[in-house]
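A quick write-up on the structure given underneath.
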Ligand code: C2O
Ligand code: CU
Ligand code: CU
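Numbering (this note's numbering), first residue to last: 27 to 563.
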């Protein structure tokens, strides 16, 4: 049955070619109406005029990550079909998808071709796009099929990203390589004198496991799903033992935690505090200085790093510091093993088990060039309009979302993910501002098989603002070992909710009706069902 529909649809698309012809064909064969109109993204729209047209093809490829055998990965290969050739940059040495760079106001058409041995779909994380262009798992395409995205860049400048969002398989697909940067610029940001070109560095941090043949290992067993996958190798931009040669000047580093579940506590090994200039949804109003950065899966932070007072030849390491993580306690991970610096050998160092809060090196910077710049971090980075409680549709009655893990399930308000299962409390009136709270055991649901774990909560659609963070115990060891690295200012699309904590946000639902997801961005949790749809109407 399903096959039949697919065959008819493909035939029709071949026959039709353009949107206009497709409409004509539908008129001629009314019996095919459903098969054609139901498939969102099956063909380009005639009245959409893209500034940039891109093709992204998911393929099985082999890349050289380590010496010896190449690693089999799922790679997205990109090509600019029309418009600015700089809109896309492939990195042949890594498994990562190409970096996409677009400017606010540009219209883009993206042909996603699936040549992988699985159905898949790509989602534009953090971008405010129409529901049908958002990469909901219901739009997954089979091998041999193409999905056509068309949207305008409405977001302000920022470091966004994109990744697979396949039903029940997001973790595995992202792990295999289906993720990349999506960087947006705008006029205000360009007017600032921030480091550009080779001094503006997108850096994605991920953890992976490899077998002795250099192949990616991902077991996905129940234990791994409950806690989230933790790899014993840290890769930056797809490279192990990442080293960055720098000049004595300032850099803009765009840090993305592209890991499935690992939280990083990032700090410079010489104690230099971290200057944050931007978060998920772009520049802050002014830089914030933190002793370290807590970076949960899917979160981004841009930092300003100035090496101008460093001597040629000096080295600096960005580490992830040790923190307390009760969630992983029962894994019996051999903590402390990674303390020695960059990992030399691999496989077996951790006895196959990695710990959530262990200390390790993330990347090494080597100052090797003089630069005669005089970089000054602008005092004012941007203007952010604060969302106001008074403007929200429900200032007295926040939409509460309880985060719950028990036995073999990960739930939102006691529910597991299901397509076409919108409940009353999941309907958002269009063009409203909603007060929402994520409750991770704050209201005392502890005990009785409840497992306290941090959950990085993400909402699709527009960026939101964090109103407040309340913790049952701010002095708890787990909480206080990460809390100085929280940064809730600015526009966010993902917020880490610690065990015993409640985080309240204001989230706008403007412009587009339809389905937008919300979920835990611990990808194993997401695949276990810790995800739901919201319907904006
Ligand atoms: Cu980054 Cu629904 O995901
Ligand atoms: Cu998203
Ligand atoms: Cu979670």
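C-beta atoms are modelled at their ideal positions from N, C-alpha and C, and glycine is treated no differently.
- Here residue 481 carries a strand assignment [DSSP, helix/strand/coil].
- A Cβ-Cβ separation of about 4 Å places residue 185 in contact with residue 280 under the 8 Å criterion.
- The way I'd put it, the region 424-444 doesn't touch the region 502-515; fewer than three beta-carbon pairs between them come closer than 8 Å.
- Look at residue 484: its beta carbon is less than 7 Å from one of the heavy atoms in ligand 2.
- Taking a contact as a CB-CB distance under 8 Å, the pair residue 536 and residue 457 counts as one, their CB atoms being some 5 Å apart.
- If you draw a 10 Å sphere on the C-beta of residue 233, you find 16 or more other C-beta atoms in it, and that means buried.
- From the listed residues 285, 270, 267, 228, the smallest Cα separation to residue 255 is found for 285.
- For residue 392, there is no enclosing alpha helix (DSSP H); the enclosing beta strand (DSSP E) covers residues 386-395.
- When distances are taken from the beta-carbon of residue 551 to the heavy atoms of ligand 2, even the shortest one reaches 7 Å or more.
- The beta carbon of residue 264 sits closer than 6 Å to those of 120, 121, 122, all from its chain and outside the five residues before and after it, given in chain order.
- One thing to note: residue 402 has its Cβ no nearer than 8 Å to the Cβ of residue 272.
- Closest in alpha carbon position to residue 195, among 550, 526, 385, is 550.
- Here the alpha carbons of residue 541 and residue 448 stand approximately 9 Å from one another.
- Around the C-beta of residue 104, 16 or more other C-beta atoms lie within 10 Å, and the residue is accordingly described as buried.
- Going by beta carbons, residue 321 and residue 290 fall inside the 8 Å limit.
- Spatial neighbours of residue 172 in its own chain (CB-CB distance under 6 Å, excluding positions within 5 residues in sequence) are listed in chain order as 137, 139.
- In the three-state reduction of the DSSP assignment, residue 282 falls in the strand class, which pools E and B.
- When the five nearest sequence neighbours on each side are left out, the beta carbons in the same chain lying within less than 6 Å of the beta carbon of residue 391 are those of 270, 272, 342, in order along the chain.
- Residue 121 is not bridged by DSSP to any residue.
- The nearest non-hydrogen atom of ligand 1 is 7 Å or more from the C-beta of residue 197.
- Annotated as distal: residue 148 and residue 193, with beta-carbon spacing of 8 Å or more.
- Non-local beta-carbon contacts of residue 156 in its own chain, meaning distances under 6 Å to residues more than five positions away in sequence, involve 538 in chain order.
- Contact annotation, residue 484 with residue 324: C-beta distance approximately 6 Å; criterion of less than 8 Å satisfied.
- Non-local C-beta neighbours of residue 110 in its own chain, meaning closer than 7 Å and more than five positions away in sequence, comprise 78, ordered along the chain.
- The closest heavy atom of ligand 3 lies 7 Å or more from the beta carbon of residue 304.
- When the beta-carbon positions are compared, residue 146 and residue 166 come within less than 8 Å of each other.
- In the three-state reduction of the DSSP assignment, residue 511 falls in the helix class, which pools H, G and I.
- Short of 6 Å from the beta carbon of residue 183, and not among the five residues preceding or following it, lie these beta carbons of its own chain, in chain order: 210, 211, 212, 215, 308.
- Proximity of the beta carbon of residue 191 to ligand 3 is not indicated: no heavy atom of the ligand is located closer than 7 Å.
- Shown here, residue 321 sits in a strand according to DSSP, grouped into three states.
- For residue 479, the distance from the CB to the nearest heavy atom of ligand 3 is below 7 Å.
- At least one heavy atom of ligand 2 sits closer than 7 Å to the Cβ of residue 151.
- Each of 314, 396, 329 was checked against the Cα of residue 336, and the nearest Cα belongs to 396.
- No Cβ-Cβ contact shorter than 8 Å links residue 338 with residue 319.
- Beta bridge pairing from DSSP links residue 233 with 260.
- For residue 206, the closest alpha carbon among the candidates 404, 150, 217, 159 is that of 150.
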